[in-house]
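K.L.:
Pasting in a structure now, in structure tokens, and then I'll have a few things to ask.
Residue numbers (the numbering used here): 17 to 481.
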């Protein structure tokens, strides 16, 4: 029978709590039960009981009482079930108003430990907590509140180590992986938790605010809050976040140093006007801009009008967002074409055009590209050039007959390339696994990893050969 039904059918009777209750005070339970037409008790003195609520922490005497009442057919529920029932009867708006008026931090700490609250209610309560300008783990109260947050929102992929709720690094993981702006907003109400790192990692985030600045799910309100610190490091991390709107990009650019400008070049949502401004900066910033930004017809026109050095213009060949302008890039200069030859965004036809234009000049670059016509790879292989053959051995589009032939030769430099090639047959990869150097390389091979995983699941079959 549900708690609601028990209370409805037993008006005027007593609800007995056995064991330790930490999330509610006796007065809170008394007030709540009186609203339900019931009476609260934490000791059994022969009252007419409607329900027994059992905590996980009971004394031996309380255990004996619970057995006695069970034999007497008194309904019983676990404390967690009662907490959930209690929580469903709380009106969130009334609770929030009550907490704002009273600022009762002791009660707030108890409420935060109640897992029956929805995330929405929990986060509103969480933002009311007074950290007293002390770190999140620097006293018992702050640590307890932090742990309630971690237990609720730490949801790693795969294995979840229970001990991680006590690790300071876990907060960083939540800030990095949070999928909703509400969680991020709540984290910004916490003291700025520092992350210890070496000086070599100067461009890595070193505290909670810097990690949050990188999260693409951050709200515009939180972005404005972070910008209010006028901190160069925070601005640099915000600069590469695609969530920041044009007005925020303009503000960041206006107050940017060279590092922040470099980070802006990696923002997938960079405004066209700021793109044009960055095109006037030094070679390092322009090179990064040409490597990471989506290149449209409009942007390409501006790039060409900037009369950049051939070596800088060649960085476009490494860009993975050039589909719109590839045809216009081919043939601009030899350095660019050499880079384009290895770019997987080019189609087989476009690579064929490069091969036609340059003949054997770009063989080494073209032989690395999986989009290259296998027939051209066969022609390259026939040249019996060692460096070219290494590239061919690593190319997943190389005809299987060539890969088999190279595997059977058992030449170490070819084996190194074959070990990373997902098209290499499993029978050869398993032979390579006897070599400690090759097995490290095969950790990057999706075909080999899939085979190992399926074998562990008992799914391995001979047709994989």
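A virtual CB, placed ideally from N, CA and C, is assigned to each residue, including glycine.
Spatial neighbours of residue 386 within its chain, please: CB distance less than 8 angstroms, with the 5 preceding and 5 following residues excluded, ordered by chain position.
P.N.:
Around residue 386: 360, 411, 412, 413.
K.L.:
Taking DSSP as the reference, what is the three-state secondary structure of residue 323?
P.N.:
In this structure, residue 323 counts as coil in the three-state DSSP scheme.
K.L.:
Please name the residue in 229, 372, 326, 379 whose C-alpha comes closest to that of residue 260.
P.N.:
Nearest C-alpha to residue 260: 229.
K.L.:
Looking only at C-alpha atoms, which of 382, 338, 152, 141 sits nearest to residue 118?
P.N.:
Out of 382, 338, 152, 141, 141 has the C-alpha closest to the C-alpha of residue 118.
K.L.:
Cα separation between residue 167 and residue 227?
P.N.:
Roughly 20 angstroms separates the two Cα atoms.
K.L.:
Could you tell me whether the Cβ atoms of residue 356 and residue 333 are closer together than 9 angstroms?
P.N.:
Yes. Within cutoff.
K.L.:
Are three or more beta carbon pairs between the stretch 121–130 and the stretch 179–198 nearer than 8 angstroms?
P.N.:
No, because fewer than three Cβ pairs between the stretch 121–130 and the stretch 179–198 fall closer than 8 angstroms, the two stretches do not touch.
K.L.:
Please check the pair residue 293 and residue 278, which I expect to be a contact at CB under 8 angstroms, by giving their CB distance rounded to whole angstroms.
P.N.:
About 14 angstroms; that fails the 8 angstroms criterion.
K.L.:
If you drop the 5 nearest sequence neighbours on each side, which residues of the same chain put their C-beta closer than 7 angstroms to that of residue 457?
P.N.:
These residues qualify, in order along the chain: 432, 435, 436.
K.L.:
The beta strand (DSSP E) that contains residue 69, what's its start and end?
P.N.:
Unbroken beta strand (DSSP E) run through residue 69: 65–70.
K.L.:
What number of angstroms, rounded off, separates the C-alpha of residue 327 from the C-alpha of residue 335?
P.N.:
So the two alpha carbons sit approximately 14 angstroms from each other.
K.L.:
Where does the unbroken alpha helix (DSSP H) through residue 92 begin, and where does it stop?
P.N.:
No alpha helix (DSSP H) contains residue 92, which is instead part of the beta strand (DSSP E) from 92–94.
K.L.:
Taking 9 angstroms as the threshold (C-beta atoms), are residue 152 and residue 207 in contact?
P.N.:
Yes. Within cutoff.
K.L.:
Any idea what DSSP makes of residue 45, helix, strand or coil?
P.N.:
Looking at residue 45 - three-state DSSP - the assignment turns out to be helix.
K.L.:
At 4 residues or longer, and completely inside the stretch 400–461: list those alpha helix (DSSP H) runs for me, N to C.
P.N.:
Here the runs fully enclosed are 402–410, 416–425, 428–435, 442–448, 452–458.
K.L.:
Between residue 37 and the rest of its own chain, which residues show a CB-CB distance below 7 angstroms, the 5 nearest in sequence each way excluded?
P.N.:
Within the same chain, residue 37 has close Cβ partners 71, 95.
K.L.:
How many Å lie between residue 407 and residue 441 at the Cα?
P.N.:
The alpha-carbon atoms of residue 407 and residue 441 are separated by roughly 17 angstroms.
K.L.:
Could you give the distance in angstroms between the alpha-carbon of residue 280 and the alpha-carbon of residue 195?
P.N.:
For residue 280 and residue 195, the distance between alpha carbons rounds to 23 angstroms.
K.L.:
Apart from the five residues just before and just after residue 181, which ones in its own chain have a Cβ nearer than 8 angstroms to its Cβ?
P.N.:
163, 166, 167, 170.
K.L.:
Considering only the beta carbon of each residue, do residue 397 and residue 420 sit closer than 9 angstroms?
P.N.:
In this structure, residue 420 does not lie closer than 9 angstroms to residue 397 by Cβ.
K.L.:
State the CB to CB distance for the pair residue 29 and residue 64, rounded to an integer number of angstroms; the pair is presumed to be in contact (CB under 8 angstroms).
P.N.:
Yes, residue 29 and residue 64 are in contact; Cβ-Cβ is about 5 angstroms, under 8 angstroms.
K.L.:
Just list the residues that DSSP pairs residue 33 with in beta bridges.
P.N.:
DSSP, once it has assigned bridges, lists 69 as partnering residue 33.
K.L.:
Look at the alpha carbon of residue 26 and the alpha carbon of residue 198, and state the distance between them as a whole number of angstroms.
P.N.:
Whole-angstrom Cα-Cα distance: 41 angstroms.
K.L.:
Tell me whether the beta-carbon of residue 298 lies closer than 9 angstroms to the beta-carbon of residue 274.
P.N.:
Their beta carbons are under 9 angstroms apart, which means residue 298 touches residue 274 by this criterion.
K.L.:
Let me know if residue 276 comes out buried or exposed under the rule of 16 or more other beta-carbons within 10 Å of its beta-carbon.
P.N.:
Burial call: buried.
K.L.:
Using only alpha-carbon positions, find the residue among 148, 122, 158, 111 that is nearest to residue 138.
P.N.:
Checking every option, the nearest Cα to that of residue 138 belongs to 111.
K.L.:
Provide the residue span of the alpha helix (DSSP H) that contains residue 138, from first to last.
P.N.:
Segment 135–142, the alpha helix (DSSP H) holding residue 138.
K.L.:
Taking the alpha-carbon positions, what's the residue 221 to residue 45 distance?
P.N.:
Rounded to whole angstroms, residue 221 to residue 45 spans 45 angstroms at the Cα level.
K.L.:
Could you tell me whether the Cβ atoms of residue 10 and residue 176 are closer together than 9 angstroms?
P.N.:
In the structure displayed, the chain extends from 17 to 481; residue 10 sits before or after that span and is not available.
K.L.:
Looking only at C-alpha atoms, which of 450, 451, 454, 438 sits nearest to residue 464?
P.N.:
Of the candidates 450, 451, 454, 438, the one whose C-alpha sits nearest the C-alpha of residue 464 is 438.
K.L.:
Any idea what DSSP makes of residue 132, helix, strand or coil?
P.N.:
Residue 132 falls in the coil class under three-state DSSP.
K.L.:
Go through its chain and collect everything with a Cβ distance to residue 126's Cβ below 6 angstroms, but skip five positions before and after it.
P.N.:
Cβ neighbours of residue 126 beyond the five flanking positions: 39.
K.L.:
Under a three-way DSSP split, which group does residue 145 fall into?
P.N.:
Residue 145: coil per DSSP, three-state reduction.
K.L.:
Measure how close the beta-carbons of residue 382 and residue 344 come, nearest whole angstrom, since I'm counting them as under 8 angstroms.
P.N.:
Going by Cβ atoms, the distance from residue 382 to residue 344 rounds to 20 angstroms, so no, they are not a contact pair.
K.L.:
Apart from the five residues just before and just after residue 322, which ones in its own chain have a Cβ nearer than 6 angstroms to its Cβ?
P.N.:
Answer for residue 322: 295, listed in chain order.
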